[in-house]
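So the structure is just underneath, and the comments pick up after that.
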Amino acid sequence: MSKKPSLGRGLDALLSKKADPARTEGSGGGPQVQMLRTDRIAQAAYQPRQVFEPEALAELAQSIREKGVLQPLLVRPRGDAFEIVAGERRWRASQLAGLTELPVMIRDLGDREALEIAIVENLQREDLGPLEEARAYQALLDQGLNQEGVAQAVGKGRSTVTNALRLLTLPEPVLRALDDGTISASHARAVLTQPEADRLWAFEQIRSRGLNVREAEALRRERSSRAADQTAPIKVNPPRAYRQLELDLSRRTGTRVKITGEDKGRVELNYGSREELDRILQILGYEAEE
-1 MSKKPSLGRG
9 LDALLSKKAD
19 PARTEGSGGG
29 PQVQMLRTDR
39 IAQAAYQPRQ
49 VFEPEALAEL
59 AQSIREKGVL
69 QPLLVRPRGD
79 AFEIVAGERR
89 WRASQLAGLT
99 ELPVMIRDLG
109 DREALEIAIV
119 ENLQREDLGP
129 LEEARAYQAL
139 LDQGLNQEGV
149 AQAVGKGRST
159 VTNALRLLTL
169 PEPVLRALDD
179 GTISASHARA
189 VLTQPEADRL
199 WAFEQIRSRG
209 LNVREAEALR
219 RERSSRAADQ
229 TAPIKVNPPR
239 AYRQLELDLS
249 RRTGTRVKIT
259 GEDKGRVELN
269 YGSREELDRI
279 LQILGYEAEE
């Protein structure tokens, strides 16, 4: 069994496999380009890219009208039709341009191979949004790969795959905001640094206050007064008589005096210099031994 080429080297490595000779024209070891009617081409089942900007499609359609389709689509047979593996954007723009047939390369591919190729094509063109990329990696995991296998398949570091997948653990409102561009991927990663219970709170702070990424990363939620009361030491106010005594002693010594405890406790006198201490000791009648 031949070793599967690394998708990290690009689509050329994949397309070097021998195509189905019954469905190609010409000779040679690799897939051959042929023309296929657009009504025989079906939308990709495994398309990680979900958003196709209308303005960008219109620009591509105009380019296709002027110069034609410069790069063939990659398709795989599906019944009487052919399903797009790579090139859905070109297919959509060609329909806008009014083309009735397109150049294609036909490959017999399994679901996992089709998904891997679709992901790599989009990653190489930087066409995927952060959640589209994360969902594409998750789809490969669902096909039976582990994270290391996904990283090798798409030519990315494992940490890149892991960090992308972590975005999928965000609360649903955060995912929607990331999908529609209300927040950036960097904002979303700042939300992920929060304790799980604080993530929605952090998201609301970012959205309502218009925080930049650095401000979002610096967010720290203060504990509620109830939670603080449960963890902070209980402060016992001295009886009123002691508070009056504190005032009397403070006036007499000329420094702040604090009394803690009731039947048992301590008296604290504050001083700011050696001279002030000597003065307090004299007031108290203390005399050092010769």
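Under the working numbering, residues -1 to 288 are what the sequence shown spells out, in order.
Glycine is no exception: its CB is placed at the ideal position from the N, C-alpha and C atoms.
Legend entry - Three-state class that DSSP yields for Pro75 in the structure shown: In the sequence shown, counting from the first residue as 1, residue 75 sits at position 77. DSSP places Pro75 in strand when its eight states are reduced to three.
Inset, instruction - State the start and end residues of the unbroken beta strand (DSSP E) segment that holds Glu99. - result: Within the sequence shown, numbered from 1, the residue matching residue 99 stands at position 101. That run of the beta strand (DSSP E) goes 99 to 104.
Legend entry - Simplified DSSP assignment, three categories, for Gln32: As a position in the sequence shown, residue 32 is number 34, starting the count at 1. Strand at Gln32.
Inset, instruction - Using DSSP bridges, identify the partner residues of Leu267. - result: Taking the sequence shown and counting its residues from 1, the one referred to as residue 267 is at position 269. DSSP, once it has assigned bridges, lists Val255 as partnering Leu267.
Inset, instruction - Please state if the CB of Ala162 and the CB of Glu111 are separated by a distance shorter than 8 Å. - result: Within the sequence shown, the letter at position 113 stands for residue 111. Within the sequence shown, the letter at position 164 stands for residue 162. No. Outside cutoff.
Legend entry - Buried versus exposed call for Ala226 [16 or more other C-beta atoms within 10 Å across all chains shown]: Numbered from 1 along the sequence shown, position 228 holds the residue referred to as residue 226. Interpretation of Ala226 is limited by its pLDDT of 46, a score under 50 that renders its predicted location unreliable; no figure is taken from the coordinates.
Inset, instruction - Give a single yes or no on whether Glu146 has its beta carbon closer than 7 Å to a heavy atom of the ligand FAD. - result: This structure does not include the ligand FAD; it has no bound ligands of any sort.
Legend entry - Check whether Arg35 and Glu86 have beta carbons under 8 Å apart: For the purposes of this step, residue 35 is identified with residue 37 of the sequence shown, where counting begins at 1. For the purposes of this step, residue 86 is identified with residue 88 of the sequence shown, where counting begins at 1. No, Cβ-Cβ distance for Arg35 and Glu86 is not below 8 Å.
Legend entry - Beta-carbon proximity check, Glu81 vs Val73, cutoff 8 Å: Taking the first residue of the sequence shown as 1, we reach residue 81 at position 83. Taking the first residue of the sequence shown as 1, we reach residue 73 at position 75. Yes, Cβ-Cβ distance for Glu81 and Val73 is below 8 Å.
Inset, instruction - Return the chain-ordered list of same chain residues with a C-beta closer than 7 Å to the C-beta of Ile257, the five sequence neighbours on each side being excluded. - result: As a position in the sequence shown, residue 257 is number 259, starting the count at 1. Only Pro236, Tyr240, Leu243, Glu244, Gly263, Val265 meet the Cβ criterion.
Inset, instruction - May I ask you to report which of helix, strand or coil DSSP gives Ala43? - result: Sequence index remark: in the sequence shown, residue 43 carries index 45 (1-based). It is coil, neither helix nor strand.
Inset, instruction - Check the C-beta distance from Leu168 over to Val189 and give it rounded, since I have them as a contact under 8 Å. - result: Against the sequence shown, residue 168 aligns to sequence position 170. Against the sequence shown, residue 189 aligns to sequence position 191. Between Val189 and Leu168 the Cβ distance is about 6 Å, and since that is below 8 Å, they are a contact.
Inset, instruction - Going by CA-CA distance only, name the one from Asp109, Ala216, Thr191 that's closest to Gln141. - result: Taking the first residue of the sequence shown as position 1, residue 141 is located at position 143. Answer by Cα proximity: Asp109.
Inset, instruction - Look at the alpha carbon of Leu94 and the alpha carbon of Ile39, and state the distance between them as a whole number of angstroms. - result: The residue given as residue 94 occupies position 96 in the sequence shown. The residue given as residue 39 occupies position 41 in the sequence shown. C-alpha separation (whole angstroms): 15 Å.
Legend entry - Chain-order list of residues whose beta-carbon lies under 8 Å from that of Glu215 (same chain, five-residue window excluded): If you number the sequence shown from 1, residue 215 lands on position 217. Once the five neighbours on either side are set aside, the close Cβ partners of Glu215 are Ala188, Thr191.
Inset, instruction - Throw me the rounded Cβ distance for the Tyr284 and Leu275 pair, which I believe falls under 8 Å. - result: Numbered from 1 along the sequence shown, position 286 holds the residue referred to as residue 284. Numbered from 1 along the sequence shown, position 277 holds the residue referred to as residue 275. Not quite, the Cβ-Cβ distance comes to about 10 Å (not below 8 Å), so this is no contact.
Legend entry - Through-space distance from Gln136 to Arg300, alpha-carbon basis: Here the chain has residues from -1 to 288 only, and residue 300 is not among them.
Legend entry - Reduced DSSP category for Glu53 - H, G, I as helix; E, B as strand; rest coil: Residue numbering aside, residue 53 sits at position 55 when the sequence shown is read from its first letter. In this structure, Glu53 counts as helix in the three-state DSSP scheme.
Legend entry - Inter-residue spacing [alpha-carbon to alpha-carbon] between Ala43 and Gly77: Here residue 43 refers to the residue found at position 45 of the sequence shown. Here residue 77 refers to the residue found at position 79 of the sequence shown. Whole-angstrom Cα-Cα distance: 14 Å.
Legend entry - Residue nearest to Ala175 in terms of C-alpha spacing, selected from Asn144, Glu53, Gly127: For the purposes of this step, residue 175 is taken as the residue at position 177 of the sequence shown. Looking at the Cα atoms, Gly127 is the closest of the given residues.
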